[in-house]
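To keep things clear, I will list the structure first and then write my remarks on it.
Number of protein chains: 2
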Amino acid sequence: MIVTMSRYDPSAFPPFAVTVDLVVLTVREHALCALLVRRGEPPFQGYWALPGGFVRPDEGLAEAASRELAEETGLRAHSTPGQGAAGAHLEQLATYGHPQRDPRMRVVSVAHLALAPDLPTPRPGGDASSARWAPVGELLGQTPADGVPLAFDHGKILADGVERARSKIEYSSLATAFCPPEFTVGELRQVYEAVWGVALDPRNFHRKVTGTPGFLVPSGGTTTRQGGRPAQLFKAGGATVLNPPMLRPDS
Amino acid sequence: MIVTMSRYDPSAFPPFAVTVDLVVLTVREHALCALLVRRGEPPFQGYWALPGGFVRPDEGLAEAASRELAEETGLRAHSTPGQGAAGAHLEQLATYGHPQRDPRMRVVSVAHLALAPDLPTPRPGGDASSARWAPVGELLGQTPADGVPLAFDHGKILADGVERARSKIEYSSLATAFCPPEFTVGELRQVYEAVWGVALDPRNFHRKVTGTPGFLVPSGGTTTRQGGRPAQLFKAGGATVLNPPMLRPDS
DNA sequence: CAAATAGTGTCTTTGAGACAGTATTTA
DNA sequence: TAAATACTGTCTCAAAGACACTATTTG
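Residue numbers (full-length UniProt numbering), protein chains in the order written: chain X, 1 to 251; chain B, 1 to 251.
Printed below as a string of structure tokens:
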């Protein structure tokens, strides 16, 4: 497939397929989990893969990612944090275009990262034969026992997405994207603990997040769904950048 | 150009052109500057644009960006900081794929960010009729008087690249990519001041960078090229992540 | 000499981490 | 009652910002 082309003549261009792949993350049962779908046909038939699909001729990249997300999960996407409910945070992650990443032809994939609160049960969309939430710890070589790798270069894409999420909750309010519309400080702390895989001091965490301007806004109510003394309920505040940032231990 | 396709059949895919565009930044005369080339043909004939070109059928995205960088500047790219000399830092920035971003056809551009030390004079590559280093302050609406916008969506791409550079020198050693192989603490401070557009206290800056483990390594020599008392020369150290980070004033 | 840049020291304030202690619920 | 979670306060240490001071060059 050699195509003669001049540098400024797009009518003679080498043809590529462009897809979007999604790293959809949530926190369930104190673990960071990613949405996977099982491939129904070759290549990599029977392997688990990230959800995704072709970008249509007349839609933008974010639009395609948003459409795929809705097809796979029913979530509506937005790029500002704090909506909760049936919404997920969605942002572009990176683009993967190794010439042989798809054995059939040249495919460039624009990966996106979606962060969502815990959802009922995965809803397989399109023609994927099934879908599941997989703890990322079991997928990223930390537990190589479970070891069937993901299809294509999706293991690398997932690792990049997880790393992006881990670093972004340090200096942004994105951790609230993993929470329902109203949540307690303890629930937010469990998000940080699950995403970072560390234990945080509940007392210092409380002082920190309630003292960071614009991070949390009291919603007025309280809840005892975590047991113990009733906890104040909060909504995400208007701040998107945290100043000072949350500090990840060790690193 | 409507193409019938099934979700998993890439032999019936909607055709896209894929390009790489480069945000090449350097610091000259105390100002952050970007490399621009003038377009020789429509659309946007006579406008300034970011350098870039088509990805070839058998090359990867980083490979294409590296090739374009060499064609436009003669720089060899690497993705680890501190090489200096004829090398530039190169990393993927983001991908831009609005359906109408190129009036001729559907083009998806994978933008890359390159950081280079001050270079002799721009070397127009390919068939660009000329090239220049433009101070980014004059391009980003901060001085709207100079006001001819860039071609396509390159103004947005440039803004995203500058923002990436500004934030990345906070927590990484990337500022050394703007320096020659050996440099003084004062020269490194001028890089931070030019990229951030602020004045920093030379004494606190000196204490900070020399106290951050792995950031700088004394090379043994001294220089008086900045005037005044001879200054120690340093090379970039092995650290890529700065802990604690450099703090940008105000923000 | 003055002026410029390099480098050190010192004080104050902010904030992170450790952790004691109190408050309010459920079992 | 014990146990769990929510929250407040206090101490210590690290580091950022302000800035006085000394060191070594050029003009």
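By construction, the Cβ of each residue, glycine as well, lies at the ideal position given by its N, Cα and C atoms.
No experiment lies behind these values; they were computed from the predicted model shown.
What is the DSSP secondary structure of proline 202 of chain B, reduced to helix, strand or coil? Note: proline 202 of chain B maps to helix in three-state DSSP.
Can you give me the Cβ contacts of methionine 105 of chain X inside the same chain, cut-off strictly under 7 Å, excluding the 5 residues immediately before and after it? These residues qualify, in order along the chain: Ala17.
Whole-angstrom distance between glutamine 100 of chain B and leucine 90 of chain X, CA atom to CA atom: A direct Cα-to-Cα measurement between leucine 90 of chain X and glutamine 100 of chain B gives close to 22 Å.
Let me confirm a value: leucine 113 of chain B is counted as buried when at least 16 other C-beta atoms fall within 10 Å, else exposed. Which label applies? Classification of leucine 113 of chain B: buried, given that the 10 Å Cβ count is 16 or more.
Chain X partners of alanine 70 of chain B, CB-CB under 7 Å? Under the 7 Å cutoff, chain X gives no residues; its nearest Cβ is about 15 Å from alanine 70 of chain B.
Restricting to Cα atoms, I'd like to know which of B:Pro103, B:Leu115, B:Leu188 and B:Leu35 is closest to phenylalanine 205 of chain B. Of all alpha-carbon atoms in B:Pro103, B:Leu115, B:Leu188 and B:Leu35, the one lying nearest the alpha-carbon of phenylalanine 205 of chain B is that of B:Leu188.
Just list the beta strand (DSSP E) runs in the segment 52 to 124 of chain X, keeping only unbroken ones of 3 residues or longer that don't cross its boundaries, in chain order. Qualifying beta strand (DSSP E) stretches, in chain order: 52 to 54, 76 to 78, 87 to 96 and 107 to 115.
Along the chain, which unbroken stretches of the beta strand (DSSP E) at least 3 residues long are found entirely within the segment 164 to 204 of chain X? Runs found: none.
DSSP state of alanine 239 of chain B mapped onto helix, strand, coil: Three-state DSSP puts alanine 239 of chain B in coil, outside helix and strand.
How big is the Cα-Cα spacing for leucine 233 of chain B and alanine 34 of chain X? Spanning the alpha carbons of leucine 233 of chain B and alanine 34 of chain X requires a straight line of approximately 48 Å.
With a CB to CB cut of under 8 Å and the five nearest residues on each side skipped, what residues in its chain are close to glycine 46 of chain X? Taken in chain order, the residues that qualify are Arg38 and Arg39.
Report the rounded CA-to-CA distance for aspartate 118 of chain B versus alanine 111 of chain X, giving the unit in angstroms. Between the C-alpha atoms of aspartate 118 of chain B and alanine 111 of chain X there is a straight-line separation of about 34 Å.
One or two residues paired with phenylalanine 16 of chain X in a DSSP bridge: B:Phe16, per the DSSP bridge assignment.
For glutamate 163 of chain X and methionine 246 of chain X, which I take to be in contact (beta-carbon distance under 8 Å), what is that distance rounded to the nearest angstrom? Contact between glutamate 163 of chain X and methionine 246 of chain X does not hold, since the beta-carbon distance rounds to 16 Å and is not under 8 Å.
Tell whether a beta-carbon distance below 8 Å holds between alanine 151 of chain X and threonine 184 of chain X. Cβ distance not < 8 Å, so alanine 151 of chain X and threonine 184 of chain X don't count as in contact.
Between which two residues does the alpha helix (DSSP H) containing leucine 139 of chain B stretch? From DSSP, the alpha helix (DSSP H) with leucine 139 of chain B extends over 136 to 139.
Any heavy atom of the ligand FAD closer than 7 Å to the Cβ of alanine 131 of chain X? Here there are no bound small molecules, and the ligand FAD is not part of this structure.
Can you give the Cα-Cα distance for aspartate 102 of chain X and glycine 238 of chain B, rounded to whole angstroms? Roughly 35 Å separates the two Cα atoms.
Straight-line Cα distance separating cysteine 179 of chain B from proline 172 of chain B: Strictly speaking, residue 172 of chain B in this sequence is serine, with proline absent from that position. A straight line joining the alpha-carbon of serine 172 of chain B with that of cysteine 179 of chain B spans about 14 Å.
Of the residues X:Thr19, X:Pro181, X:Glu72 and X:Thr26, the one placed nearest glycine 221 of chain X, counting alpha carbons only: When each option's Cα is compared against that of glycine 221 of chain X, the closest is X:Pro181.
Identify, in the order they occur along the chain, each residue of the same chain with its Cβ nearer than 6 Å to the Cβ of leucine 36 of chain B, setting aside the five sequence neighbours on each side. Excluding residues within five positions, the ones whose Cβ falls inside 6 Å are Trp48, Arg132 and Ala134.
Look up valine 27 of chain X in the DSSP assignment and say whether it is helix, strand or coil. Strand at valine 27 of chain X.
Compare the beta carbon distance of residue 255 of chain B and leucine 158 of chain B with 8 Å and say whether it is the shorter of the two. The requested residue 255 of chain B does not occur in the structure, where chain B is confined to residues 1 to 251.
Would you kindly work out how many angstroms separate the C-alpha atoms of glycine 60 of chain B and histidine 98 of chain X, rounded to a whole number? Using only the alpha carbons, I get a separation of about 5 Å.
Residues bridged to glutamine 232 of chain B (per DSSP): When beta bridges are read from the DSSP output, glutamine 232 of chain B appears opposite B:Thr222.
Is the shortest distance between the beta-carbon of leucine 115 of chain X and the beta-carbons of chain B less than 8 Å? The beta carbon of leucine 115 of chain X does not come within 8 Å of any beta carbon belonging to chain B, so the residue lies off that interface.
Between leucine 115 of chain X and alanine 88 of chain X, which are expected to be in contact by the criterion C-beta below 8 Å, what is the C-beta distance as a whole number of angstroms? Leucine 115 of chain X to alanine 88 of chain X, Cβ: 6 Å. Contact.
Just verifying my parser: in three-state terms, what is the DSSP assignment at threonine 4 of chain X? Its pLDDT being 44, under 50, threonine 4 of chain X is placed unreliably in this model, and the value from its coordinates should be taken loosely. DSSP places threonine 4 of chain X in coil when its eight states are reduced to three.
Note down, in chain order, each residue of its chain lying with its Cβ closer than 7 Å to the Cβ of alanine 94 of chain B, except the 5 sequence neighbours on either side. For alanine 94 of chain B, same chain residues with a beta-carbon under 7 Å away, outside a window of 5 residues either side, are Ala111 and Asp160 in chain order.
Buried or exposed by the 16-neighbour rule on C-beta atoms within 10 Å, applied to histidine 30 of chain B: Answer is exposed; the Cβ neighbour count stays below 16.
Would you say aspartate 58 of chain X faces chain B, with C-beta separation under 8 Å as the test? Under the Cβ distance rule, aspartate 58 of chain X counts among the residues neighbouring chain B, one pair being separated by less than 8 Å.
Would you say proline 51 of chain B and proline 14 of chain X are within 8 Å of each other, going by their C-beta atoms? No. Outside cutoff.
May I ask you to report which of helix, strand or coil DSSP gives valine 209 of chain B? Valine 209 of chain B: helix per DSSP, three-state reduction.
Distance between valine 107 of chain B and tryptophan 196 of chain B (C-alpha atoms, nearest Å): Between tryptophan 196 of chain B and valine 107 of chain B, the C-alpha separation is close to 32 Å.
Can you round the beta-carbon distance between leucine 25 of chain B and alanine 165 of chain B to whole angstroms, since I take them to be within the 8 Å contact cut? The beta-carbon separation of leucine 25 of chain B and alanine 165 of chain B, rounded to 6 Å, stays under the 8 Å limit for a contact.
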